[in-house]
Amino acid sequence: MSLAVQTYSLVRDASDAMKPDGIRYLGGGTLVVRAVNEGDVSITGYVRSTAPGLRTIDIVEGRATIGASVTMAAVLANAGLAGLHPVAKAVGGPAVRNMATVGGNLFAPAPYGDFTVGLLALDATVHGADGESPIEDFLAGRDDRRKRGIVTAVSLDVPSAGVLRFLKVSRVKPRGVSVVTIAAALALDDAGKVKSARIALGCMADRPIRAQAAEQALIGCKLEKDDIRDAVAVIGEGTNPITDPVASAWYRSEVLPVHFSRLLLG
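Residue numbers are given in full-length UniProt numbering: position 72 of the sequence shown equals residue 72, and the series is strictly consecutive.
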């Protein structure tokens, strides 16, 4: 099956070309091209944009703006994004990271989308042809392409060392598909107690979600076994884990508290 590729120099033109059913945006192609190769006949054509801003990384006064076409390899090569390096490194192997883009990862269905889990924990903003929105709102409505337009960038406060804790659990290392992914952005006060927390989970729904009950339970706690007990007990609240060839929903629910505890205590 042959598919036409339409290339536009302007983001607005590319976004307009996305409106017909069956048209998909072609970034790195690690997911959408594979879907076609595996027989997804709902995809009838590709749209791409060569707008330079899609491939740039700008860091100004601690705020990073990462173009949607920036690859995971480019994130890893940028010293200013060192706090995101463990997250980007969790995406596939070197060949995949050379192609996989930040924008594409936002649309990756579970069990993929590890980078987006980190972005959700860091309260990123998603920028598009039609405006911007908090990443949590974007993820909730990401399937409505006609309403949204194409993604152009994400922006976030660059995390200081030790703020973002990230863990990807997989059966095959280092490039295995995720069983569960956890990212926790924690701020501690001078006494070592948690004063703010954002926790994001991958594979515990069809897209990354926050663990709000655990976030609330962590406030005022030290990162010690007895203190975090209540947060660990509620980490699975509000989740609806997937079942796939990698793991069942039951298994993911069972191991989530174990790995969450290890992440906090590690």
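We treat Cβ as the ideally placed atom computed from N, Cα and C, and that holds for glycine. Values in this document were obtained by computation on a predicted structure and should not be read as measured data.
By Cβ distance, which residues of its chain are closer than 6 angstroms to Thr116, with the 5 residues on each side in sequence left out?
Translated into positions along the sequence shown, residue 116 becomes position 116. Around Thr116, the same chain offers Asn105, Leu106 and Pro208 as residues with beta carbons nearer than 6 angstroms, after the five sequence neighbours per side are excluded.
Please report the Cβ distance between Arg97 and Thr71, rounded to the nearest whole angstrom; I am assuming they are in contact, meaning their Cβ atoms lie under 8 angstroms.
Sequence index remark: in the sequence shown, residue 97 carries index 97 (1-based). Sequence index remark: in the sequence shown, residue 71 carries index 71 (1-based). Arg97 to Thr71, Cβ: 7 angstroms. Contact.
Does DSSP put Asp157 in a helix, a strand or coil?
For this step, residue 157 is matched to residue 157 along the sequence shown. In the structure shown, Asp157 sits in a strand (DSSP, three-state: E or B).
Below 6 angstroms CB to CB, which residues in the same chain sit around Gly236 once its five sequence neighbours on both sides are set aside?
Position 236 of the sequence shown, counted from the start, is the residue given in the question as residue 236. So the list reads Ser253 and Leu256, once near-sequence residues are dropped.
Just verifying my parser: in three-state terms, what is the DSSP assignment at Arg12?
In the sequence shown, residue 12 corresponds to position 12, counting from 1. DSSP places Arg12 in helix when its eight states are reduced to three.
Can you list, in chain order, the residues of its chain with a C-beta nearer than 7 angstroms to that of Asp193? Leave out the 5 residues immediately preceding and following it.
Here residue 193 is taken as the residue at index 193 of the sequence shown, counted from 1. Correcting the residue identity first, residue 193 is Lys in this sequence and not Asp. Same-chain partners within the cutoff: Gly220, Cys221 and Lys222.
Since I believe Ala121 is in contact with Ile242 (beta carbons under 8 angstroms), could you give me their beta-carbon distance rounded to a whole number of angstroms?
Mapped onto the sequence shown, residue 242 falls at position 242. Mapped onto the sequence shown, residue 121 falls at position 121. No, Ile242 and Ala121 are not in contact; Cβ-Cβ is about 19 angstroms, not under 8 angstroms.
Leaving out the 5 sequence neighbours to the left and right, which residues in its chain are closer than 8 angstroms to Asp227 when beta-carbon positions are compared?
Within the sequence shown, residue 227 is the residue found at index 227, counting from 1. If we look at Asp227 and ignore the five residues flanking it on each side, its Cβ neighbours are Cys221.
Out of Pro134, Gly118 and Leu119, state which residue places its alpha-carbon closest to the alpha-carbon of Thr125.
Along the sequence shown, one-based indexing puts residue 125 at 125. Cα-wise, what sits closest to Thr125 is Pro134.
Contacting residues, own chain, Cβ-Cβ under 7 angstroms from Ala100 (five flanking each side not counted):
Within the sequence shown, residue 100 is the residue found at index 100, counting from 1. Correct list, in chain order: Gly28, Thr30, Thr71, Met72, Val91 and Gly92.
Per DSSP, which residues does Ser178 bridge with? Please list them.
Residue mapping note: residue 178 aligns to position 178 of the sequence shown, counting from 1. Within the DSSP bridge table, the entry for Ser178 names Ser170 as partners.
List in chain order: all unbroken beta strand (DSSP E) runs of 3+ residues lying wholly within the segment 193-265.
List check, beta strand (DSSP E) in window: 194-202.
With a Cβ-Cβ cutoff of 8 angstroms, do Tyr25 and Ile150 count as a contact?
Here residue 25 is taken as the residue at index 25 of the sequence shown, counted from 1. Here residue 150 is taken as the residue at index 150 of the sequence shown, counted from 1. The criterion of a C-beta distance shorter than 8 angstroms is satisfied by Tyr25 and Ile150.
What span of residues does the beta strand (DSSP E) with Ile150 cover, start to end?
For the purposes of this step, residue 150 is identified with residue 150 of the sequence shown, where counting begins at 1. No beta strand (DSSP E) holds Ile150; DSSP gives it neither H nor E.
Relative to the C-alpha of Val32, which residue among Ala77, Leu3, Leu167 and Thr50 is closest?
For the purposes of this step, residue 32 is identified with residue 32 of the sequence shown, where counting begins at 1. Nearest option by C-alpha distance: Leu3.
In whole angstroms, give me the CA-to-CA distance for Leu188 and Arg12.
Position 188 of the sequence shown, counting from 1, holds the residue named residue 188. Position 12 of the sequence shown, counting from 1, holds the residue named residue 12. Rounded to whole angstroms, Leu188 to Arg12 spans 42 angstroms at the Cα level.
Return the CA-CA distance between Ser261 and Leu119, expressed in angstroms with no decimal places.
On the sequence shown, position 261 is the one that residue 261 refers to. On the sequence shown, position 119 is the one that residue 119 refers to. If you take the alpha carbons of Ser261 and Leu119, they lie about 21 angstroms apart.
Does the separation of the CB atoms of Ile23 and Thr44 fall below 8 angstroms?
Counted from its first residue, the sequence shown places residue 23 at position 23. Counted from its first residue, the sequence shown places residue 44 at position 44. Yes.
Check the C-beta distance from Val180 over to Gly202 and give it rounded, since I have them as a contact under 8 angstroms.
To locate residue 180, count along the sequence shown from 1; it is residue 180. To locate residue 202, count along the sequence shown from 1; it is residue 202. Right, their Cβ atoms sit about 7 angstroms apart.
Out of Gly162, Val234 and Leu263, which one is the CA nearest neighbour of Lys168?
Walking along the sequence shown from the start, residue 168 turns up at place 168. Scanning Gly162, Val234 and Leu263 for the CA closest to the CA of Lys168 turns up Leu263.
Around the Cβ of Lys89, are there at least 16 other Cβ atoms within 10 angstroms (buried) or fewer (exposed)?
Taking the sequence shown and counting its residues from 1, one reaches residue 89 at position 89. Residue environment for Lys89: buried (at least 16 other C-beta atoms within 10 angstroms of its C-beta).
CB Pro111 to CB Val246, shorter than 8 angstroms?
In the sequence shown, the residue the question calls residue 111 occupies position 111. In the sequence shown, the residue the question calls residue 246 occupies position 246. Contact: yes.
Alpha-carbon spacing of Val75 relative to Ser69, whole angstroms
Translated into the one-based positions of the sequence shown, residue 75 becomes position 75. Translated into the one-based positions of the sequence shown, residue 69 becomes position 69. Distance between the alpha carbons of Val75 and Ser69: 11 angstroms.
Let me check understanding here. Comparing Cα to Cα, which of Asp130, Val154 and Ala129 lies closest to Glu136?
On the sequence shown, residue 136 is found 136 positions in, with the first residue counted as 1. Per the Cα distances, Val154.
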